[in-house]
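J.: Just passing along the structure, written as structure tokens.
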Amino acid sequence: MLIPHIEIHIEGKERVFSLLATHTNDDSFSYLNGVQGQFVDRTQEYELRKEREVLLEEKIRDHEIIEEKTYQLERLATRLAKYLSPQIYDSIFSDRNETKPSFARKNLTVFFSDIVGFTEISDGMEPEKLAFIINRYLSEMSDIAIEYGGTIDKFIGDAILVFFGDPETQGEQQDALNCANMALRMQKKVEELHDVWHENGIAKPLKVRMGINTGYCTVGNLIR
Numbered sequence: 003m004l005i006p007h008i009e010i011h012i013e014g015k016e017r018v019f020s021l022l023a024t025h026t027n028d029d030s031f032s033y034l035n036g037v038q039g040q041f042v043d044r045t046q047e048y049e050l051r052k053e054r055e056v057l058l059e060e061k062i063r064d065h066e067i068i069e070e071k072t073y074q075l076e077r078l079a080t081r082l083a084k085y086l087s088p089q090i091y092d093s094i095f096s097d098r099n100e101t102k103p104s105f106a107r108k109n110l111t112v113f114f115s116d117i118v119g120f121t122e123i124s125d126g127m128e129p130e131k132l133a134f135i136i137n138r139y140l141s142e143m144s145d146i147a148i149e150y151g152g153t154i155d156k157f158i159g160d161a162i163l164v165f166f167g168d169p170e171t172q173g174e175q176q177d178a179l180n181c182a183n184m185a186l187r188m189q190k191k192v193e194e195l196h197d198v199w200h201e202n203g204i205a206k207p208l209k210v211r212m213g214i215n216t217g218y219c220t221v222g223n224l225i226r
């Protein structure tokens with residue numbers, strides 16, 4: 003039989019022993035017949051076992067921490083995807099661009115739009131209804147910008163700034179054509195949204211101003 007372990011303090015130190023025992027019945031060694039036992043020092047073995055258990059616990063804890071950090075990064079990436087254009091999102095989460103400052107002069111086609119008289123309209127509207135209208139409008143315009151390959155630079159209230167030619171380009175002429183076609187598609191979508199806005203308390207159809215310009219800009223990562 004095997005007694006798992008016996009703790010014995012020797013000279014102020016804890017030692018671990020196990021009692022190994024067996025029953026012998028051998029005619030050649032009759033003087034040994036009976037129960038035989040021996041104490042075996044297993045201190046080092048148990049210390050190694052404890053170290054292994056500690057390492058396993060640390061490994062499990064590290065794995066849990068890594069899983070939590072991975073989950074947080076995935077949530078962050080998902081949230082960023084809602085606010086960044088696909089081109090910018092892809093450049094941030096890929097290895098194509100270095101983090102050191104880098105910029106260049108490029109010929110871009112820039113698009114800007116805003117809703118005519120939106121400040122006056124918003125002043126007399128309930129916040130919930132205003133949020134619904136502006137979110138619907140910006141979402142529809144963003145989908146169109148992405149469809150035509152535009153890079154959404156920013157939203158400024160009801161205003162939208164989109165540019166073509168960076169970080170991806172189809173050539174200066176095609177970039178400009180894509181921008182113009184995008185603007186025409188946006189104008190058509192605004193007309194389609196008139197019924198939605200009318201149902202939410204806007205009697206007069208909203209009008210959207212749009213401007214397009216092509217010229218050289220300095221683009222890239224300017225942050226050290």
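Its first residue numbered 3, the sequence shown is counted upward by one per residue in our numbering. Heads up, the beta-carbon is just placed ideally off N, CA and C, and yes, glycines get one too.
For Glu16, which residues does DSSP report across the bridge?
T.: His11
J.: Note down, in chain order, each residue of its chain lying with its Cβ closer than 8 angstroms to the Cβ of Val210, except the 5 sequence neighbours on either side.
T.: Ser115, Asp116, Ile117, Val118, Met188, Gln189, Val192
J.: Near Tyr48, which residues of its chain fall below 6 angstroms by C-beta distance, leaving aside the five closest residues on each side in sequence?
T.: Val18
J.: Between the stretch 178-188 and the stretch 141-154, do at least 3 Cβ pairs fall closer than 8 angstroms?
T.: yes
J.: If I'm right that Phe166 touches Asn180 with Cβ under 8 angstroms, what's the distance once you round it to whole angstroms?
T.: 6 angstroms between Cβ atoms; contact.
J.: Going by DSSP, what residue range makes up the beta strand (DSSP E) through Met143?
T.: No beta strand (DSSP E) contains Met143, which is instead part of the alpha helix (DSSP H) from 129-149.
J.: Which whole-angstrom value describes the C-beta separation of Gly151 and Gln172, a residue pair presumed to lie in contact below a C-beta threshold of 8 angstroms?
T.: Contact holds; Cβ gap of about 7 angstroms.
J.: Checking 7 angstroms against the spacing of the C-beta atoms, do Thr220 and Phe105 come in under that value?
T.: Result yes, Cβ atoms of Thr220 and Phe105 sit closer than 7 angstroms.
J.: State buried or exposed for Ile154, treating a residue as buried only when at least 16 other CB atoms are found within 10 Å of its CB.
T.: buried
J.: Consult DSSP for Thr229 and reduce its assignment to one of helix, strand or coil.
T.: The structure shown does not extend to residue 229, since the chain is modelled only from 3 through 226, so no value can be given for it.
J.: State the beta-bridge partners of Tyr73 as determined by DSSP.
T.: DSSP lists no partner for Tyr73.
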